[in-house]
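Counting from 182, one number per residue, gives the positions in the sequence shown under the working numbering.
To keep things clear, I will list the structure first and then write my remarks on it.
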Amino acid sequence: MDLFDKCTVNLGPLGQYADQAEGYFMFPKLEGDISNKMIFKGKERLIWSLNNYLGLANHPEVRKADAEAAADYGMAYPMGARMMSGQTDYHEQLERELAAYVKRESAYLVNFGYQGMFSVISAIVDRKDVIVYDSEAHACIIDGMRMHFGKRFVYPHNNIDNLEIQLRRAQKMTAQTGGGILVITEGVYGMSGDLGKLDEIIALKSKFNFRLLVDDAHGFGTMGPTGAGTDEYFGVQKDVDLYFGTFAKSMAGIGGFIAGDKHVIKYLMYNMRSQIFAKSLPMPMVLGALKRLELIRTQPEHREKLWTIVNALQQGLKKEGFDLGRTESPVTPVILNGTVGEATQITFDLRENYNIFCSIVGYPVVPKGVILLRLIPTAVHTLEDVAYTIKAFKEVKHKLEQKAYTTEMASIANV
Ligand SMILES: Cc1ncc(COP(=O)(O)O)c(C=O)c1O
């Protein structure tokens with residue numbers, strides 16, 4: 182058998198739909214300025230699928246800062262890993278400002294949220310340590326786990342009683358190995374929009390000795406009175422030992438950071454392999470991030486506008502009887518019942534007949550028989566966008582209930 186035989190036989194759970202879906206449901210191309218309206222397949226559509234929560238992607242000051250940094254430094258500088266030759270004052274300044282914003286002693290940059298997260302996990306635990314994590318953890322947390330040589334225990338999503346059981350098991354294990362315990366949760370769960378129960382998890386610190394790592398990819402910039410994250414929202418910043426944020430969402434950039442006590446961040450700086458053995462973030466990313474952070478700190482109106490849109494959309498959909506699950510964040514899942522085929526028919530109808538572009542999530546990401554249409558409100562949406570979308574969703578739901586959609590995959594051959 183040749184190694185590559187599998188590549189033509191089975192493309193995997195998502196790849197199996199490649200022929201029918203590629204370029205439309207998967208790998209679609211959105212063109213034009215990043216905003217509430219963009220071009221898809223040559224037509225303007227109302228876009229609800231970008232994590233540009235605060236609308237900073239196309240903010241004139243952001244565009245100017247990005248362009249000036251690219252003109253001044255190019256995309257190459259600095260060359261090499263931070264440790265070898267890629268260090269600059271601006272990288273350090275960004276870290277100081279991020280740390281101050283999330284109220285931690287220290288912070289360190291990572292080049293991508295995904296890679297940074299698994300790198301933090303693999304650097305902070307060794308084979309004596311035990312990880313306890315939420316069953317709905319993002320893929321980057323799961324990959325971090327794969328790089329862990331010690332034991333790991335999973336608790337059902339946000340089930341704190343079960344977390345306690347897992348912590349008891351972990352405690353028994355570490356009593357033998359002499360290691361410590363790391364609990365990992367997300368701040369905002371990116372598919373369902375519900376929050377990791379940070380307050381209840383932290384309450385368990387009175388019974389168990391563990392450290393808490395929070396991946397707040399969707400909470401950074403959106404949650405809490407100053408937007409500093411889900412732990413600020415819960416008022417528990419001092420009890421979250423490691424706070425992780427990415428630049429890919431509210432910051433509309435790329436990269437991320439880990440923040441915590443000075444000595445722990447120093448340890449990560451010298452032990453995160455993805456940073457020691459990889460090139461430093463280029464200057465436009467760093468200077469661009471500094472500008473974005475400044476706007477997040479000094480212009481709360483973007484967050485306020487985001488929440489105006491979130492509240493209008495979520496309250497409006499709920500009023501019309503839509504099931505939004507357990508969301509408490511801007512992430513707005515609309516949960517319907519139907520097959521993967523029907524899900525594609527609905528999405529096709531929304532895109533082609535209503536010019537609404539949202540993401541569709543089907544099995545295996547959600548259970549069989551469930552269709553999840555995920556809407557991401559942002560500060561650049563308008564209340565008219567919201568009203569139009571609710572009306573369209575009402576019509577589409579009615580059609581689904583009337584069995585107007587077939588269970589075949591939507592045909593995208595002619596679009
Ligand atoms: C919870 C969580 N962690 C990490 C990431 C990865 O972040 P990045 O896109 O910055 O690599 C994501 C992105 O979807 C996420 O939702």
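Ideal placement from N, C-alpha and C gives every residue a C-beta, glycine not left out.
query	result
In the DSSP output, which residue or residues are listed as bridge partners for Ser287?	Gly441
Label Val190 either buried or exposed according to how many other C-beta atoms from any shown protein chain fall within 10 Å of its C-beta, with 16 as the threshold for buried.	exposed
Starting from Glu367 and walking both ways along the beta strand (DSSP E), at which residues does that stretch end?	Ile362 to Glu367
For a test of your reading of the model: does the CB of Glu582 fall under 7 Å from any non-hydrogen atom of ligand 1? Yes or no.	no
Among all the DSSP beta bridges, which residues are the ones paired with Phe334?	Val313
Is there at least one non-hydrogen atom of ligand 1 closer than 7 Å to the beta-carbon of His319?	yes
When you compare the CB positions of Leu376 and Val369, do they come within less than 8 Å of one another, or not?	yes
With 16 as the cutoff for other CB atoms within 10 Å, does His240 come out buried or exposed?	buried
In the DSSP assignment, find the unbroken beta strand (DSSP E) run with Gly426 in it and report its ends.	Leu423 to Thr427
Quick one: give me the first and last residue of the beta strand (DSSP E) that Met609 is part of.	As displayed, the chain neither begins before 182 nor continues past 596, which places residue 609 out of reach and without an answer.
Looking at Tyr295 and ligand 1, is the gap between the Cβ and the nearest heavy atom below 7 Å?	yes
Give me the residue from Asp397, Asp380, Lys575 and Gly441 with the minimum Cα distance to Leu494.	Lys575
So what does Glu203 bridge to, in DSSP terms?	Met207
To the nearest angstrom, how far is it from the Cα of Tyr544 to the Cα of Ser266?	46 Å
Alpha carbons only, please: which of Glu413, Val577, Gly436 and Val445 is nearest the one belonging to Gly519?	Val577
Under 7 Å Cβ to Cβ from Val567, same chain only, skipping five residues before and after it: list those, please.	Ile490, Ala493, Leu494 and Gly497
When burial is assigned at 16 or more other CB atoms within 10 Å of the CB, is Gln526 buried or exposed?	buried
Okay, do the region 228–246 and the region 397–404 touch, 3+ Cβ pairs below 8 Å being the bar?	yes
Give a single yes or no on whether Ala459 has its beta carbon closer than 7 Å to a heavy atom of ligand 1.	no
Rounded to the nearest angstrom, how far is the Cβ of Leu393 from that of Asp422, given a contact under 8 Å?	5 Å
With a threshold of 7 Å, establish whether the CB of His240 neighbours any heavy atom of ligand 1.	no
Thinking Gly325 and Met298 are a contact (beta carbons under 8 Å), I'd like their distance in whole angstroms, please.	6 Å
Distance check for Ile305 and Lys332, CA to CA, integer angstroms please.	14 Å
Short check: CB of Leu554 to CB of Val547, under 8 Å?	no
Once DSSP output is grouped into helix, strand and coil, what is the label at Lys472?	helix
Hey, is the region 412–432 in contact with the region 440–448, meaning 3+ C-beta pairs nearer than 8 Å?	yes
Check for me: the beta strand (DSSP E) holding Asp396 runs from which residue to which?	Arg392 to Asp396
For Leu344, which residues from the same chain have a beta carbon less than 6 Å from its beta carbon, with the 5 sequence-adjacent residues on both sides left out?	Tyr336
Please give me, in chain order, every unbroken run of the alpha helix (DSSP H) with length at least 4 that falls completely inside the region 499–585.	521–534 and 564–582
Could you tell me which residues DSSP pairs with Glu225 in its beta bridges?	Ile220
Are the beta-carbon atoms belonging to Ile322 and Ile302 less than 8 Å from one another?	yes
Can you tell me whether Leu235 is helix, strand or coil according to DSSP?	coil
Is Met404 close to ligand 1? I mean its beta-carbon at under 7 Å from any heavy atom of the ligand.	no
Should His338 be listed as close to ligand 1, given that the test is whether its C-beta is under 7 Å from any heavy atom?	no
Under a three-way DSSP split, which group does Leu184 fall into?	coil
Apply the 10 Å Cβ neighbour rule to Leu192 and answer buried if 16 or more other Cβ atoms are within range, or exposed otherwise.	exposed
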